[in-house]
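Take the position in the sequence shown, starting the count at 1, then add 1462; the result is the number in our numbering. Each residue gets a CB set at the ideal place from its N, CA and C atoms; glycine is no exception. Bear in mind the structure is a predicted one, so any value in this text is a computation, not a measurement. Working notes, structure below.
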Amino acid sequence: MRILKRIIVISLGVLLLLGIGAYVWLHPGRGPREEIDPNANGWAEEVDGAMVLHLKGTPYEMGYQRGYLAKEKVRLTMDLFDGLLKQAEQEVGLPRFASNLILDITYALCAPYIPESYKREMEGLADGSGCDLRIFRRGHVLSVITERGCSAFAVWGKATTDGALYHGRNFDWITSAGLEDTALLCLYEPEGLKAFASVGYAGLIGVYSGMNMEGISISQIGAVTKDKSLRGLPLELILRRILEECGNIDEVRALMNQVKHTVGFNYVVADGDAKTARAFETTAHHVAEFGPNDPKETVEYAKPMEDAVYRSDEAMDPVVRSLQDCANAPQLPYGSNSYDHRYMGIVNGITENYGNIDQAIALEILKATAMKNANLHGVLANSTTRELWVAHAKNGQNASLQPYIHFDLKRLFLKPEERPALEAEPAEEVEPPVEVEAAAEPETPETTP
């Protein structure tokens, strides 16, 4: 009897310890709260109706500035996040507590790979906004367990009128969640790192589109794969690291091969000063790199081109493609939206305008290749001159149908009193894009056989 009681006591003790351990693992501790004057180094302004945040200082300080200066938008982000969980509960029957548990587990698995500076910035964001830190942590791992479309291209040199590098990026995700109502442009000046602009959403410190002041611009495309892991650095934090840490393509390459990737993504990263770009195709265990007119693009559906790099979902690397679950995989991608509309739309747009591409034509290519009813934001960068043109979805309507707002980063990174006098530039009025159909292989630019 004593032995049985001892076994029961020991078993209960083990279960209690396991329960405490699981709770601590799923709810990690945090650093101390700090006294911050958010207006000392941070401030907000408006450009053609768009909110622009200026964030400067330590990670905690920049997080606090964001939370305080954009408090209403940050809290709206949290409400919309809860709405997404309600939607999942209604549509697939997944209770909200189960969704939160899945996200907490995902964050716990990713946490060892997330830099402490980003964890600290999320803590500042929570303290500055008065929101629950756990929700911010969950929001920053959504990309590990959700899918999206997207497309991107970079053109320069012989392809453009003046040789400048234009980098277009469509962020294709659901437009029914209202996330566009939290959109803003953040101008970061982190201590000891590179200044950069991030096109994103108030409650998220990760980067989805943007450019640093050394001319490195970024974009990402979802590329669903069988080779995936919940242990690694979420894509929005990979993109942020690129902007904060990299000043050229060599540094981007080193970082992309050093970080632990999670699920399938393709990236197009450009250097506006060197006037070149690279595509990176990634899974949890593979990274393939391609440059302009790359002879490694040997798959039959590839359309490599001089002074241009572009991607949609389908990989050009045979190994990465063999692992994909997107764009009609494992078959050839013909007939998929990714290939026919986005990839070939970009190819056609560049080919038809090769040598004559300027900002206006690059913007038309961008608009024409957005996914219908799923274009959350679109960004065109002149990475050479450090300019952005940005549109966000509105009332559930595609970003590609909205005005694109112009941001001159060289000017915006100056204090207002240091900026030269300039008449206000109105947002460009745009017309609905015309979808570009797939066409024959390009003949005008030089291509790899």
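- Message: On a Cα-Cα basis, can you pick out the residue from Leu1874, Asp1775, Ala1883 that is closest to Glu1508?
- Response: Taking only the C-alpha atoms, the option nearest Glu1508 is Leu1874.
- Task: Have a look at Gly1797 and Asp1820 and give me their C-alpha separation to the nearest angstrom.
- Result: If I take the Cα positions, the gap works out to 30 Å.
- Looking at the unbroken beta strand (DSSP E) that takes in Tyr1650, where does it start and where does it end? First-last of the beta strand (DSSP E) with Tyr1650: 1645–1652.
- Between the stretch 1697–1716 and the stretch 1657–1665, are three or more C-beta pairs nearer than 8 Å? Yes, since at least three Cβ pairs between the stretch 1697–1716 and the stretch 1657–1665 fall closer than 8 Å, the two stretches touch.
- Query: Does the separation of the CB atoms of Arg1528 and Ser1591 fall below 9 Å?
  - Reply: In contact: Arg1528 and Ser1591 (Cβ atoms closer than 9 Å).
- Message: Suppose you measure from the CA of Val1898 to the CA of Leu1850; what does that come to, to the nearest Å?
- Response: Here Val1898 scores only 45 on pLDDT, less than 50, and its place in the model is too uncertain to base an answer on.
- Are the stretch 1496–1510 and the stretch 1547–1562 touching, with three or more C-beta to C-beta distances below 8 Å? Counting Cβ pairs under 8 Å, fewer than three are found: no touch.
- Give a yes or no on whether the C-beta atoms belonging to Cys1788 and Asp1775 are separated by under 9 Å. Yes. Within cutoff.
- With burial defined as no fewer than 16 other Cβ atoms inside 10 Å of the residue's Cβ, what is the status of Lys1535: buried or exposed? Counting other Cβ atoms within 10 Å of its Cβ, Lys1535 reaches 16 or more and is therefore classed as buried.
- Task: Look up Arg1610 in the DSSP assignment and say whether it is helix, strand or coil.
- Result: Note: Arg1610 maps to coil in three-state DSSP.
- Query: Does the Cβ of Gly1665 lie closer than 8 Å to at least one heavy atom of the ligand ADP?
  - Reply: Among the components of this structure there are no ligands whatsoever, and the ligand ADP is therefore not found.
- Query: With a Cβ-Cβ cutoff of 9 Å, do Leu1666 and Gly1753 count as a contact?
  - Reply: By the CB criterion at 9 Å, Leu1666 and Gly1753 fall outside the cutoff.
- Query: For Leu1655, which residues of its own chain have a beta-carbon under 8 Å away from its beta-carbon, when the five flanking residues on both sides are left out?
  - Reply: Only Glu1706, Glu1707 meet the Cβ criterion.
- Message: In the DSSP output, what is Ser1919 paired with across the bridge?
- Response: Residue coverage of the chain in this structure runs from 1463 to 1911, which leaves residue 1919 outside it and unanswerable.
- Message: Suppose you measure from the CA of Cys1572 to the CA of Gly1694; what does that come to, to the nearest Å?
- Response: Their Cα atoms are separated by approximately 5 Å.
- Quick one: what's got a C-beta closer than 7 Å to Cys1612's C-beta in the same chain, skipping five residues either side? Closer than 7 Å at Cβ, skipping near neighbours: Asn1632, Phe1633, Asp1634, Gln1682, Ile1683, Gly1684.
- Express the C-alpha separation of Asn1810 and Pro1521 in angstroms, rounding to a whole number. A direct Cα-to-Cα measurement between Pro1521 and Asn1810 gives close to 43 Å.
- Task: Measure from the C-beta of Tyr1670 to each C-beta in chain C and report whether the shortest distance is under 9 Å.
- Result: Among the chains in the structure shown there is no chain C, since it carries only a single protein chain.
- Quick one: complete alpha helix (DSSP H) runs, 4+ long, within the stretch 1762–1824? Those alpha helix (DSSP H) runs which fall completely within the stretch 1762–1824 and span 4+ residues are 1780–1784, 1806–1814.
- Can you tell me the Cα-Cα spacing of Met1584 and Tyr1569, whole angstroms? For Met1584 and Tyr1569, the distance between alpha carbons rounds to 13 Å.
- Message: Taking a contact to mean a Cβ-Cβ separation below 9 Å, would you say Val1432 touches Ala1741 in this structure?
- Response: Limits of the chain in this structure are 1463 at one end and 1911 at the other, which puts residue 1432 out of reach.
- Query: Among Gly1519, Gly1619, Glu1578, Leu1515, which one has its Cα closest to the Cα of Arg1599?
  - Reply: From the listed residues Gly1519, Gly1619, Glu1578, Leu1515, the smallest Cα separation to Arg1599 is found for Glu1578.
- Are Gly1493 and Asn1503 touching if we call contact CB-CB under 9 Å? Not in contact: Gly1493 and Asn1503 (Cβ atoms no closer than 9 Å).
- Query: What do you reckon, are the CB atoms on Gly1677 and Ala1614 nearer than 9 Å?
  - Reply: Their beta carbons are not under 9 Å apart, which means Gly1677 does not touch Ala1614 by this criterion.
- Please say whether Leu1649 and His1516 have beta carbons closer to each other than 9 Å? In contact: His1516 and Leu1649 (Cβ atoms closer than 9 Å).
- Item | Beta-carbon spacing of Ala1621, Ala1770 below 9 Å | Yes. Within cutoff.
- Query: Taking the Cβ atom as the reference point for each residue, do Asp1689 and Ala1750 lie within a distance shorter than 9 Å?
  - Reply: Not in contact: Asp1689 and Ala1750 (Cβ atoms no closer than 9 Å).
- Item | Helix, strand or coil at Phe1742 according to DSSP, with G and I counted as helix | Three-state DSSP puts Phe1742 in a strand.
- Query: Would DSSP call Gly1493 helix, strand or coil?
  - Reply: Coil, per DSSP.
- Which same chain residues, not among the five before or five after Met1718, have their C-beta less than 6 Å away from its C-beta? Cβ neighbours of Met1718 beyond the five flanking positions: Phe1742, Val1749.
- Query: Is Asp1541 helix, strand or coil when you go by DSSP?
  - Reply: If DSSP states are grouped into helix, strand and coil, Asp1541 belongs with the helices.
- Message: Let's test the definition: count the other Cβ atoms within 10 Å of the Cβ of Gly1586 and tell me whether it reaches 16, buried, or not, exposed.
- Response: Counting the other CB atoms within 10 Å of its CB gives Gly1586 a total of 16 or more, which places it among the buried residues.
- In whole angstroms, what is the alpha-carbon distance linking Leu1828 and Gly1840? Their backbone Cα atoms lie some 8 Å apart in a straight line.
- Task: Please work out which residues of its chain come closer than 6 Å, Cβ to Cβ, to Tyr1530, disregarding the five sequence neighbours upstream and downstream, and give them in chain order.
- Result: In chain order, Pro1500, Gly1590 place their CB closer than 6 Å to the CB of Tyr1530, counting only its own chain and leaving out the 5 sequence neighbours on each side.
- Three-state secondary structure (DSSP) at Lys1856? Residue state, collapsed to three classes: strand.
- Applying the criterion that 16 or more other CB atoms from any shown protein chain within 10 Å of the CB defines a buried residue, is Ser1784 buried or exposed? Per the 10 Å Cβ criterion, exposed.
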